[in-house]
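**Q** To start, I am sharing the structure in question, which I have written as structure tokens.
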Amino acid sequence: MWGELPPAGDGRIQKRGVSFGWYVYVTLGQSQARAILFGSAATAAGIIGVITGGIGGAVAAGVYSYIASLGSDNLSKCKKVEIRFTYTGKAAGGKCIK
Numbered sequence: 208m209w210g211e212l213p214p215a216g217d218g219r220i221q222k223r224g225v226s227f228g229w230y231v232y233v234t235l236g237q238s239q240a241r242a243i244l245f246g247s248a249a250t251a252a253g254i255i256g257v258i259t260g261g262i263g264g265a266v267a268a269g270v271y272s273y274i275a276s277l278g279s280d281n282l283s284k285c286k287k288v289e290i291r292f293t294y295t296g297k298a299a300g301g302k303c304i305k
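Residue numbers for the sequence shown follow the working numbering, beginning at 208 and rising by one.
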């Protein structure tokens with residue numbers, strides 16, 4: 208999937224990404240999370256792939272599931288969303304960063 212990411216906050220596209228520790232952490236801004244919420248797992252794969260530099264397909268289903276579980280009302284309270292995965296790609300939870 209190709210296209211522009213939704214702007215975050217001031218209209219500039221702010222890169223979000225991946226960090227590594229005990230888990231693989233994928234961090235999204237609220238506008239990216241909303242685009243995934245109102246899209247599909249395929250949308251998630253495209254957005255996450257662009258943000259993270261290609262690992263989107265491996266974690267897209269977990270990202271989509273977690274964001275869908277938040278729902279629109281709870282997502283509006285989040286400034287960022289962080290989802291963690293094991294190194295094998297299995298979802299290991301997430302959190303809303305306010």
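Backbone N, C-alpha and C fix where the C-beta goes; we use that ideal spot for every residue, glycine too.
Note that this is a predicted model, so its numbers are computed, not measured.
Beta-carbon separation of Ala267 and Ala251 under 7 Å?
**A** Yes, the pair counts as a contact, with Cβ atoms nearer than the cut-off.
**Q** I need the DSSP call for Tyr232, collapsed to helix, strand or coil.
**A** Residue state, collapsed to three classes: strand.
**Q** Please state the DSSP three-state secondary structure of Gly300.
**A** In the structure shown, Gly300 sits in a strand (DSSP, three-state: E or B).
**Q** When you compare only the Cα positions, how much space is there between Ser279 and Leu244?
**A** One C-alpha to the other measures close to 8 Å.
**Q** Can you name the residues that DSSP bridges to Val266?
**A** None; Val266 has no bridge partner.
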